[in-house]
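The sequence shown begins at 255 in this note's numbering and counts up by one. By construction, the Cβ of each residue, glycine as well, lies at the ideal position given by its N, Cα and C atoms. First up is the structure itself, then whatever we jot down about it.
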Amino acid sequence: MKIYTKTGDSGSTSLFGGKRVLKSDLRIDTYGTVDELNSYIGLLRDQEVNQKRKNILVEIQDRLFTIGSILATEPGNEKVKIPALTEADIQVLEKEIDTLDAQLPPMRSFILPGGHQSVSFCHVARTVCRRTERLVIALDTIEKVDPLVVKYLNRLSDYLFMLSRKMSAELKAEETPWKPRM
């Protein structure tokens, strides 16, 4: 398989199914942002503090490839075989969130991102996840997107927030509460 095909040199690319679109198309921006999120999840997976969470992070990366495949497929094309996203995938995240939540003290205020470089990476991943979710919702107003994609990304951003708190606790990093000036 050749890395370069030269077919995108004019600023267009192919969706799964063959339809050509501009690389600036919202659909391309959306699944490109999924790819960006996947890279940040890889960065989180590489953090020493997350070694015991490597399997769940790899699973999340796999689901993000599934989401990318869904988004890269020409709408209405039933001939292209892609993996499915399921409700069970969302339940995996919910179980992980509940496990983390049971291990952490209750929140009493909003928390400012930071406290340790590894935790900051997690907050960056969370915010890229939120941006991805917004792009998927914008795309859905133009061409229908599987609602499980939005649901998964919404739950994933919740998971990443809880993971950032768990990482802070394990790294003994300070969680700085937001104290609004009133």
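- Rounded to the nearest whole angstrom, the C-alpha separation of Ser418 and Val399 is 29 Å.
- No residue range can be given for Gln305, since it is assigned to no alpha helix (DSSP H) and is classified by DSSP as neither H nor E.
- Remark: fewer than three beta-carbon pairs, one from each stretch, lie closer than 8 Å, so the region 377–396 and the region 333–345 are not flagged as touching.
- Ranked by Cα distance from Val373, the options Trp432, Leu311, Ser422 are led by Ser422.
- Arg385 is a Cβ neighbour of Thr287, given a cutoff of 9 Å.
- Ranking Lys273, Cys383, Asp279, Lys405 by CA distance to the CA of Asn331 puts Lys273 first.
- The region 351–365 and the region 315–323 do not touch, with fewer than three beta-carbon pairs separated by less than 8 Å.
- Across the structure, Glu428 and Glu348 are spaced so that their CA atoms are roughly 26 Å apart.
- Between His370 and the set Glu302, Arg281, Thr353, the nearest pair of CA atoms involves Glu302.
- With distances taken between CA atoms, Leu298 lies nearest to Phe415 out of Phe415, Gly265, Phe270, Asp279.
- Here Val275 is actually not in contact with Leu339; their C-beta atoms are around 22 Å apart, not less than 8 Å.
- Secondary structure at Val275: strand, using DSSP grouped into helix, strand and coil.
- The Cβ neighbour count for Ala356, taken over all protein chains shown within 10 Å, is under 16; the residue is labelled exposed.
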